[in-house]
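See structure below.
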Amino acid sequence: MLTVETIGRIRRGHFSGKTIRELSRELRVSRNTVRKILRTGTTTSSYERKTQPLPQLGPFRAALDGLLDANAAKSERERLTLIRLFEELRGQGYEGGYDAVRRYARRWERAHAASKADAYVPLYFAPGEAYQFDWSHEIVVLGGITTKVKVAHVRLCHSRMPFVRAYPRETQEMVFDSHERAFAFFKGACSRGIYDNMKTAVDAVFVGKDRFFNRRFLQMCSHYLVEPVACTPAAGWEKGQVENQVGLIRERFFTPRLRFKSYEEMNAWLLDQCIAYAKAHRHPELRDHTIWSVFEEERSQLVSYRGPFDGFHAVPASVSKTCLVRFDSNKYSVMSAAVGRPVEVHAYADRIVIRQDGEIVGEHPRQFGRDKTVYNPWHYVPVLARKPGALRNGAPFRDWVLPASLERVRRKLALSDPGGRQMVDVLAAVHSDGLPAVEAACAEALKANVHSADVILNILARQREPARALTILTPDALRLRHEPAADCARYDNLKRAS
0 MLTVETIGRI RRGHFSGKTI RELSRELRVS RNTVRKILRT GTTTSSYERK
50 TQPLPQLGPF RAALDGLLDA NAAKSERERL TLIRLFEELR GQGYEGGYDA
100 VRRYARRWER AHAASKADAY VPLYFAPGEA YQFDWSHEIV VLGGITTKVK
150 VAHVRLCHSR MPFVRAYPRE TQEMVFDSHE RAFAFFKGAC SRGIYDNMKT
200 AVDAVFVGKD RFFNRRFLQM CSHYLVEPVA CTPAAGWEKG QVENQVGLIR
250 ERFFTPRLRF KSYEEMNAWL LDQCIAYAKA HRHPELRDHT IWSVFEEERS
300 QLVSYRGPFD GFHAVPASVS KTCLVRFDSN KYSVMSAAVG RPVEVHAYAD
350 RIVIRQDGEI VGEHPRQFGR DKTVYNPWHY VPVLARKPGA LRNGAPFRDW
400 VLPASLERVR RKLALSDPGG RQMVDVLAAV HSDGLPAVEA ACAEALKANV
450 HSADVILNIL ARQREPARAL TILTPDALRL RHEPAADCAR YDNLKRAS
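Every letter in the sequence shown is one number past the one before it in numbering that gives the first Met the number 0, and letter 257, counting from 1, is 256.
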């Protein structure tokens, strides 16, 4: 084989005066090869076969190309191995060996990889110009239970400042809450937001960049003065910064597996980690500055924070005869007056607000999971006026924590037969007089060693009576020097005169 060392010896020998014949004999190289090296001036040599004979595989090249094309079009999980392709080719009559198929497949993959190689243009974003949003799924231990959480990622494109927050779901109200908290943390928003085609934001995808955005999502963008832009489907590089942030946050924050008692504790820790990361790492382009310092400079260019957006997801619902509304596989109580008419459930990220004709008839912390029932015992107090016996065994009144004086009255009244009815009367007074007033009346009655409902209601009635008018003191300058004397005889004089 002709090596680089042999070529060098040929060139140096010819320079020193040796003939082509002498070099050919000395180095055992053909004279034609020596002439070629001296004429071309090459310093290296390689040989590539122009045509590969492929005596066995040749007739089956078209069939193998078809198998390779079909295999490449499949998802990575469904692709066949080269052994399986070789077996299918044998089934078509191929009698050659596996190595020939393997070598051909490797050359085919290199040729197609070169033709499909993508090139990209580096992007530049001005301060306050754009942010990118995306979701990721992470595994944590929450309250001792291994849980898959949804993490919302927001990234300012200029400063690369990250913001992450974990949620139980990836629903629209979670999108609203994550934007609200991110913009409150940034103290402003960018003029443009870059998203993928998530269903909570985009209702329909048209040709090109045209999108039909969700109405509520557009309301949120209008509130914060943000122009939403959706990426091309399956083109993750159009929001590459937040895509990279997903991997970075997963590696740095969620590895090893996090353990927290609640979402609030985990999200507070995540926010601290975002700030610490930004202060400790340099900006990828402005190498003399940290991400945090560039972020503080960018803050002045952000659209000023507009205050919280009322980010709820509205769903119509009906009220059962047990004063319950079903939403997201859980039940929430409402005021008894709402029974029989439809309501609208406003689902927030952390709470549920139930409205009827614009008025709030129920509000509860949001529950996740299934088949949970959340009661507010005060919703059922008007029902107790007709069914006082339900106070003892009613599900809404289990573990009901009342103020101290009211709870003492309840325990004392529970010892007597008519005590249930009397306690219902006391509780009903809360709707008219307010809980503080009823609590004070119970405390006053207990101080007098009395716990009767009549006494407590009498105390409340006295408190509702208007106060007596104050006695007005007459100044000395307005006092009469000679007060008139009462003389009824003057009426007799008038009678005689008539």
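Even for Gly, the Cβ is constructed at its ideal location relative to N, Cα and C. In this text, all values refer to a predicted model and were calculated from it rather than measured experimentally.
Check whether residue i and residue j have beta carbons under 8 Å apart
i	j	result
Gln131	Ile193	yes
Val498	Ser158	No answer is possible for residue 498: the residues shown for the chain start at 0 and end at 497.
Leu224	Arg305	yes
Leu67	Glu87	no
Phe259	Val139	yes
Val437	Ala428	yes
Val228	His152	no
Ser317	Pro341	yes
Arg249	Glu137	yes
Pro381	Trp399	no
Arg11	Ile19	no
Arg350	Arg369	no
Residue i versus residue j - alpha carbon distance
i	j	result
Leu1	Ala69	42 Å
Lys330	His363	10 Å
Arg286	Leu247	19 Å
Ser292	His280	10 Å
Phe175	Ala346	11 Å
Cys220	Arg180	14 Å
Ile359	Glu297	41 Å
His312	Gly239	29 Å
Gly90	Pro54	18 Å
Arg24	Arg83	53 Å
Gln421	Ser451	7 Å
Ser404	Ala460	18 Å
Cys322	Leu412	27 Å
Arg215	Asp195	17 Å
Pro307	Thr470	53 Å
Val425	Gly418	11 Å
Arg409	Gly310	41 Å
The alpha helix (DSSP H) enclosing residue i, as first and last residue numbers
i	result
Asp68	Arg60 to Ala72
Glu179	Gln171 to Phe185
Leu56	No alpha helix (DSSP H) contains Leu56, which DSSP labels as neither H nor E.
Asp271	Tyr262 to Ala279
Trp291	Ile290 to Glu297
Lys411	Ala403 to Leu412
Arg24	Ile19 to Leu26
Lys35	Arg30 to Thr39
Leu247	Gly239 to Arg251
Arg10	Val3 to Phe14
Bounding residues of the beta strand (DSSP E) (the contiguous stretch that carries residue i)
i	result
Asp432	It is not in any beta strand (DSSP E) - Asp432 instead sits in the alpha helix (DSSP H) that spans Gly418 to Asp432.
Ile193	Arg191 to Tyr194
Arg385	It is not in any beta strand (DSSP E) - Arg385 carries neither H nor E in the DSSP assignment.
Thr145	Ile144 to Leu155
Ile82	Note, Ile82: premise wrong, no beta strand (DSSP E); alpha helix (DSSP H) at Leu81 to Gly90.
Asp453	Element bounds for Asp453: not the beta strand (DSSP E) but the alpha helix (DSSP H), Ala452 to Arg463.
Leu141	Ala129 to Leu141
Ser332	Asn329 to Ser332
Residue of the options minimising C-alpha distance to residue i
i	options	result
Arg101	Leu63, Asp176 and Val373	Leu63
Glu172	Ala348, Lys446, Leu456 and Ile248	Ala348
Lys278	Phe294, Lys260 and Val400	Phe294
Ile274	Leu456, Val437 and Pro161	Pro161
Leu456	Gly433, Pro315 and Gly361	Gly433
Phe14	Ala61, Gln55 and Leu37	Leu37
Phe253	Trp268, Thr41 and Ser261	Trp268
Ser261	Lys208, Ala452, Arg164 and Ala151	Arg164
Tyr97	Cys487, Arg106, Thr43 and Leu81	Leu81
Arg498	Glu128, Pro376, Arg168 and Val204	Here the chain has residues from 0 to 497 only, and residue 498 is not among them.
Gly7	Thr43, Arg27, Lys35 and Glu25	Thr43
Ala72	His111, Pro52, Phe85 and Leu53	His111
Leu401	Pro435, Gly368 and Asp416	Pro435
Leu414	Arg391, Phe59 and Lys386	Arg391
Met197	Glu169, Asp209, Thr321 and Phe184	Glu169
Tyr119	Asp209, Asp327, Pro395 and Trp236	Trp236
Leu270	His282, Asp327, Phe185 and Leu405	Phe185
Arg463	Ser431, Arg350 and Gly16	Ser431
Gly388	Gln355, Val423 and Phe367	Val423
Asp327	Asp453, Asp486, Val454 and Val373	Val373
Pro315	Ile353, Val454, Ala440 and Lys17	Ile353
Arg256	His222, Arg76, Leu141 and Glu21	Leu141
Distance between beta carbons of residue j and residue i, contact taken as under 8 Å
i	j	result
His378	Val333	6 Å
Ala233	Asn213	In fact, because the Cβ distance is near 21 Å, the residues do not count as touching under 8 Å.
Tyr166	Lys147	With 8 Å as the limit, Tyr166 and Lys147 do not qualify as a contact, their Cβ atoms being about 11 Å apart.
Leu177	Val245	In the sequence under discussion, the amino acid at residue 177 is Ser, which differs from the Leu named in the question. Actually they do not touch by this definition, with Cβ atoms about 14 Å apart.
Leu156	Phe124	The amino acid at residue 156 is misidentified as Leu; the sequence shows Cys. Their Cβ separation, rounded to whole angstroms, is 4 Å, which keeps Cys156 and Phe124 in contact under 8 Å.
Thr5	Val33	Contact doesn't hold; Cβ gap of about 10 Å is too wide.
Leu445	Arg407	6 Å
Ala522	Ile458	As shown, the chain starts at 0 and ends at 497. That puts residue 522 outside it, with no answer to give.
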